[in-house]
Every structure is written in structure tokens, then in C-alpha cells.
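Same order as they appear, the protein sequences are chains L and X.
Be aware that the first sequence starts at 1, since it is given in my numbering, and climbs by one per residue.
Be aware that the second sequence starts at 1001, since it is given in my numbering, and climbs by one per residue.
All residues carry an ideal CB built from backbone N, CA and C; glycine is no exception.
Structure record follows, encoded as C-alpha cells.
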Amino acid sequence: MPSPILQLQDVKTHFPVESGFLFKKHAGTVKAVDGVTLDVMPGEVLGLVGESGCGKSTLARTIMQLLPATSGTVVLEGKNLTSGSAAEILAVRRDLQMVFQDPFASLNPRMTVYATLAEPLLVHGVCQPSEAKERVAKLLETVGLAPRYMQKYPHEFSGGQRQRIAIARALALSPKIIVADEPVSALDVSIQAQILNLLSQLCRKMNLTLIFIAHDLSVVKHISDRIAVMYLGKIVELGPAADVIERPRHPYTRALVSAIPSPNPEIERQRQRIMLPGDPPSPLNPPAGCAFHPRCPYAKEICSASVPPLVAAGPNREAACVRLGEI
Amino acid sequence: MPLLEVTDLRTWFHTRNGVYRAVDGVSFSVEKGETLGIVGESGSGKSVTCYSLLGLVPQPPGRIESGTAMFDGVDLLHCTPAQARGIRGKRIAMIFQDPMTSLNPYLRISEQLIEPLIIHEKISKKDALAKGLAMLEAVGINDAPKRLHQYPHESSGGMRQRVMIAMALITRPELLIADEPTTALDVTVQAQILELIKKLQQQFGMAVIFITHDLGVVSGLCDRVQVMYAGRIVETGDTRTLFAAPRHPYTRALQRSIPSMQPKGVELYTIPGMPPDLSKPTGGCAFVARCEAATDVCRATDPRLASLTPTHATACLRVQNNEL
Ligand SMILES: Nc1ncnc2c1ncn2[C@@H]1O[C@H](COP(=O)(O)OP(=O)(O)OP(=O)(O)O)[C@@H](O)[C@H]1O
Ligand SMILES: Nc1ncnc2c1ncn2[C@@H]1O[C@H](COP(=O)(O)OP(=O)(O)OP(=O)(O)O)[C@@H](O)[C@H]1O
Ligand code: SF4
Ligand SMILES: [Mg+2]
Ligand SMILES: [Mg+2]
């Protein structure tokens, strides 16, 4: 078995919250990511799902070293990024690249496509200035854009084309891992299909490792090898993509899966939906014990007693629920 | 007689860069108590269609070029302001994707909730408040007496959406137009809101026009669906038929591009090209440049919506000629 390319060990990313106008008081801590342990294998597509505010983007930014972890370690191919020196981190940063939801906001409107894509190549000395044009043309072809688009500006492109440019930029330095934070959420279904196909293709051809974040479970199921489900800063379920969606073990995953409306009216009209009461709670004051217990249809007293760890729940499956054996 | 009958609606935007035919010859009807879904990709004209009915299209640049929209004997597009006031916001209500477009951040929920009652039903403030409270309870707000006196920002997204629904329904409208009311919500909260709309619809017997780009939402909620593309209705039918046996090449392409309708991991179908420029009508089918089945006839003739069965119609020339 190959060793993991990325290892997260009990990663926590907390934000202090201050109140008061003149005299700031420490008013609490948002535990956006609160103890995530996860191994990512080389070449796999790991889907990360969960509702708004559960900490997906914060985890992504922590992995990318855009945010410092409050505690825990992020290890990339044996190198500990959380304790590395600035120079060491800089050296591995090119192995980690990110793609964002809003391709418009993530591209500089005053830079041509050529300038956007050539910049990382030249800054990192990947190629001579004389070769840059050829490299950029190649990158554009890789993401399905014609090289003649090089001299255009972001506003001259559609949303889907802009997302392709953002992906080309992420690929420029031949990274080992790409973290894509909701890369298709802002796109229409027909454009979404193009970007999903492109990402799958790239992963297969270049043996890229992809961490794919989305809140649309059917999209995540489609593209991922494994899925991690987050709730309030923690991973509550982990396993092979189709397994997790078709046979969810954790009560939250069950509710999440059952809430997705199916585009098949026959299925849709017969299904029994698990209705969760209320909204996801605030990570400022997470409920004690299993954070899901106030909304969980299976909750018993024991659920509020202690935080359930992620434990084995079948072949290659893990879930964090104390009542796993009984439900 | 249908509750609402829209015929040949055209809403164009006259801008410096040209005339954009956002809605270009749309006809449909809604029966009492039924739910009609309008689906289509961004910019296809779903919102403008409904805004036109409620006088919400900014004029200029917008202009209603043609059409009628009959609601209980009154043409919504050509009625007097007094007639409009009696219908809009009372007998026809609308809810939006972002509740804050209908909620005023500076007014307590109570004030906003009872305003339509005070305007339309001329009842006392005390009676109106009692009705408001009952309505908040009907939309599933647990601590309604407390909420009533709060400001909108003190509630979560799902709660605000419930407040907006309560506001829309407080006059017991006969038609509710919902423009992507759950798109910004988490799926578990979306499930609650959809369930709520279904329940209230049965309880009050109102008709609903539900706009969304999510085919999944439509399949569970709507009796009938119409698919829009480039300002036209390209296909319409009862939900089961339209999902099980779509006929228009665009509807079929859409289905093939959705991950949840395809086996895991297969390459998804992608519609080539881009939606047409609405300011440059070609005289032919608007989908022609992207359609796998297009022929020269499609380039030359503007297809009309024509019935295949009493409950299913498409605007594809080749389907109409039995060639597809
Ligand atoms: N810089 C920050 N300071 C304080 N709180 C923050 C900060 N960034 C994020 N948070 C909080 O951390 C929690 C997790 O946010 P995060 O953006 O990671 O969620 P998410 O899962 O990506 O949600 P979404 O699906 O809405 O993108 C939220 O409660 C958010 O308000
Ligand atoms: N005020 C306006 N001025 C000019 N064009 C407009 C205006 N409002 C809408 N349009 C155009 O009308 C067309 C239809 O827009 P509409 O908002 O109805 O689309 P939609 O189907 O509701 O899309 P979405 O799913 O993005 O909400 C679009 O091409 C849009 O650019
Ligand atoms: S009319 Fe022609 S171009 Fe239009 S959808 Fe039908 S086959 Fe395609
Ligand atoms: Mg996020
Ligand atoms: Mg709209």
C-alpha cells in the first residue's frame, strides 16, 4: 500500500471572537476546524461535504498554509508544514495549489491570461522567459482553451472559461495536490459538467491528488473516490464515495442524503425524508458531546456526554457516532 | 378557466448595446391549486417572466412589447393602478431567493408582517398582530411571540425565509410566485422549506409558480414543468412525462449533463458552445448552434410550442415532424 501524500493529525483551526468597540474583550472562540485527522492517498479524489459554516473552507485554507493551524499537524510527503520554517513552507507551497468558487474574484482583472499564467512560471524559475509563451499555450490546451485566448482579459470570458483559466493557473507549477473549494457551485449545470469532466480527466492523466469541496452531494459523489462528511468542524463520516451516499452510517449523513431532492419524480414521490429540526448550530457555542445531538433523530442521553471519535464502521468506512452499533 | 393565463408575453430590454429579448413570446397558464415549475439556466428569462406579471421589471430599460396575462378577468399587463394594487401583494404574492430583498432591516418583523393586512384588509392593528402571530406559527417558527418583535438580522437564513413566506401568505393569496426561494439555503433547511410550501399550499389551496434551476426540486414539488431557453419555453409537460421522456434536444441534453442522473464517474454530456446573444435573434431555433440534431430547417424556421399529447408540448421542429 502506498503511503499517504497528505496527513492531517488532529488539526484545529480556531478563531478568537472579540466584542466591544474600544476595549476589545475576548468573547469566545469559533472552533471552525476542531480536530480533523485524515490521510489523503496519492492520486485520489477526496470529496469534502457538509453544510454552510461546517469548516470546509477553513480546513482547505489550513491545508494550503493560508491559515495557521491552532494545533495539530499537516504533513505533506513526510514534511511537517505546521512546524516548518518559512523557507521550507515556501518550497513546498508550489506542490499545493488551490481553485476557488468564484473564478472572477480569483483572477486579476487587469492581467491578461498570458500574464496570469506566465507569472508563476517565471517567479519560480520553471522556464526561461523565452519559453513562457509555449508553456502557457500548453497549459491552455490542457484545460481545453485555444492558445489564441492568451491576450484576452478575464472579463472577456464566460464563467466556465474563467474557471478553466483558474485551473490552468493552479496547474502551472505541476502541483501534487489541488484543493478545489466549490469550483462548480457558481456555474450552470451544463458548464458544471464541463469543469467536472476536465477535473476528472486531469486527475487521471496527471495522477493529481484532488481535494474537492462542494455542498452538492451528487456532484461530490460523481467525482470522488472517497467522501469525508463534516459537521461543525469535525469529520463525522468517511468512506468510499458511492458507499457513503448509498449506505450512509452516521445519522447526519443519512439526513443529508435524504434531503437531496432527486430529479426522478418516481423516486422523489415515494421516499421517506428524514426532516432535521432547526439550523446547523453556531460553531461559537457547539453543543456538548456529539455536536449533532440536538438535531439527531437517534439521540440518547449518552450522546451529549462525550465527543464520539471517528471509529471503524465497516470495510474502509469510519463514522463518529456512539450509537453506531444500534442504528 | 385557468387562474392565470399568459399569452405571447414579450419583455425586452432596450440598452445602449442593443435590444435584449429577455422574454420573447411566452405563453402558459396556471390552474387553481396547481404547482408549475419553471426551470432553465441562468439568463433564460425565468425571473423576468414573473417580474413582468407583477410590474417589477424596471422600465426603462425594460418594456413589455406584447402579451396579456389574465388573472380572474383582469389583464395584469394592462390594468389600472387601482386594479393592480388589489391583486399584487394580495391575491398574488411573491417570494425571492434572498429574503432581505423583501425584508426591511430597520423594521421589526411584526411591522412588516402586518403591513399587507393593514393596507389590503383594513383591520385593526391588534387583529392584524394576532393574525401575524398565527402565521408565524403556521410557517413553523417555534418562539413566534418573541420573533415577532425582533429585527430580521436576529434570525438565521432559514428563519428569515420562513418569515418572508409568512409575509407573502398572510393575505391568503391564490397564487404564490417563488423565485428560487431555497437556492441559498443548506439542503437540510431547503428540505424543511419545500415541505412547508407543500403543506401550506394544500392547507390554503393556492397555486404556486416555482422557479428554480434544480431539476431535483421540481420533481418532488411540481405538477407541471416548463423548460425555458433564451427567453422561450422550449418544452412543457406534466412532471412525470417530462422527466421520464423529455423530447426537446435541450431538455435531453440538460438531463445528460447532471451527475445525479448519470452513473457515477461516467463522462458527463456537455452542451457545446454558449447560449445565444439575446440581442441578435437569428430567425431560427435559438438552440440551433448547440443542438446535435439541428438541420437547415432549424436555422431558417422559428419553432413554435406545439402539443405532442394533451399534457406535453415542445418547440422543436424535428420532434414536431416526428424525426426525433
Ligand atoms: N477569519 C475568520 N474569523 C472568524 N470566524 C471565521 C473566519 N473564517 C471562518 N469563520 C467561521 O468559521 C466557521 C467555518 O467557516 P468556513 O468558511 O470554513 O465554512 P464552510 O464549510 O466553508 O462554509 P460554506 O459552505 O458556507 O463555504 C463559520 O462559522 C465561519 O463564520
Ligand atoms: N434590468 C435589466 N437590464 C438589461 N437586461 C436585463 C435586465 N434584467 C434582466 N435582463 C436580462 O434578461 C435576461 C433574462 O434574465 P432573468 O433574470 O429572467 O434570467 P433567469 O432565468 O431568472 O436567470 P437566473 O437563473 O440567473 O436567475 C438576461 O439575459 C438578463 O441579462
Ligand atoms: S428545432 Fe432543430 S435546432 Fe432546435 S432543438 Fe429541434 S432539432 Fe435542435
Ligand atoms: Mg466555504
Ligand atoms: Mg432569476
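The alpha carbon of His26(L) has as its nearest neighbour, out of Glu18(L), Gln101(L), Leu210(L), the alpha carbon of Glu18(L).
Of all residues in the stretch 1172-1205 of chain X, those with a C-beta nearer than 8 angstroms to a C-beta of chain L are Asp1186, Val1187, Thr1188, Val1189, Gln1190, Ala1191, Gln1192, Leu1194, Glu1195, reading in chain order. Gly325(L) is the residue among Gly325(L), Glu301(L), Ile191(L) whose C-alpha sits nearest the C-alpha of Val311(L). Taken through DSSP and simplified to helix, strand or coil, Val257(L) comes out as helix.
Collapsing the DSSP output to three states places Ile211(L) in a strand. The closest heavy atom of ligand 5 lies 8 angstroms or more from the beta carbon of Lys56(L). At a cut-off of 9 angstroms, the C-beta of Glu1041(X) has a neighbouring C-beta in chain L. Taking all protein chains in view, the Cβ of Asp279(L) is crowded by 16 or more other Cβ atoms within 10 Å, so the residue is classified as buried. Below the 8 angstroms Cβ cutoff, chain X contributes Glu1041, Ser1042, His1213 as neighbours of Asp188(L), in chain order.
Closer than 8 angstroms to some heavy atom of ligand 1: that does not describe the Cβ of Glu237(L). For the options Met1(L), Lys31(L), Glu51(L), the alpha carbon positioned closest to that of Glu182(L) is the one of Glu51(L). Here the distance from the Cβ of Met1274(X) to the nearest heavy atom of ligand 2 is not below 8 angstroms. Among the residues of chain X, none has a CB under 9 angstroms from the CB of Asn316(L); the nearest is roughly 16 angstroms distant. For the stretch 246-272 of chain L, the set of residues with a beta-carbon nearer than 7 angstroms to any beta-carbon of chain X comprises Ala255, Leu256, Ala259, Ile260, Pro261, Ser262, Pro263, Asn264, Pro265, Glu268, Arg269, in chain order. Nearest C-alpha to Leu1107(X) among Leu1148(X), Gly1055(X), Ile1118(X): Leu1148(X). One thing to note: Pro1249(X) has its Cβ within 9 angstroms of the Cβ of Leu1324(X). For Ala115(L), the enclosing alpha helix (DSSP H) has its first and last residue at 113-123.
Annotation for Glu51(L) indicates a beta carbon at 8 angstroms or more from all heavy atoms of ligand 4.
Between Ile235(L) and Ile211(L), the gap from beta carbon to beta carbon reaches 9 angstroms or more.
Contact with chain X is found for Asn197(L), since one of that chain's Cβ atoms lies less than 9 angstroms from the residue's Cβ.
Here Glu1174(X) is near Met1206(X), since their CB atoms are less than 9 angstroms apart. In this model, Arg317(L) and Gly239(L) are separated by some 4 angstroms (Cα to Cα). Considering only beta carbons, the part of the stretch 1215-1245 of chain X lying closer than 7 angstroms to chain L consists of Leu1215, Gly1216, Val1217, Ser1219, Gly1220, Thr1239, Arg1240, Phe1243, in chain order. Selection around ligand 5 by beta-carbon proximity, strictly under 7 angstroms to any non-hydrogen atom, yields Lys1046(X), Ser1047(X), Asp1179(X), Glu1180(X), Ile1211(X) in chain order. Relative to the non-hydrogen atoms of ligand 2, the Cβ of Tyr1020(X) comes within a distance shorter than 8 angstroms of at least one. Using a CB distance cut-off of 9 angstroms, Leu1268(X) counts as an interface residue toward chain L. At a cut-off of 8 angstroms, the beta-carbon of Asp181(L) counts as near ligand 4: some heavy atom of the ligand is closer than that. For Lys1264(X), the nearest CB of chain L lies under 9 angstroms from its own CB, placing it at the interface with that chain. Each of Arg1010(X), Gly1033(X), Ser1029(X), Gly1018(X) was checked against the Cα of Gly1045(X), and the nearest Cα belongs to Arg1010(X).
Under the three-state reduction of DSSP, Ser304(L) is assigned to helix.
At the C-beta level, Met206(L) and Leu171(L) come within 9 angstroms of one another. Contact of Val219(L) with chain X by beta-carbon distance below 7 angstroms involves Pro1259. Take Pro109(L), set aside five residues on each side of it, and the residues of its chain with a beta-carbon closer than 8 angstroms to its own are Tyr153, Pro154, His155, in chain order. Taking C-alpha positions only, Ser1279(X) is separated from Gly1025(X) by approximately 15 angstroms. Taking a Cβ-Cβ cut-off of 8 angstroms, Ser1029(X) has no neighbours in chain L, whose nearest Cβ is about 21 angstroms from it. The beta carbon of Val1023(X) sits closer than 7 angstroms to the beta carbons of Leu1009, Arg1010, Thr1011, Gly1045, Val1048, Thr1049, Ser1052, Gly1231 from its chain, once the five residues preceding and following it are set aside; these are given in chain order.
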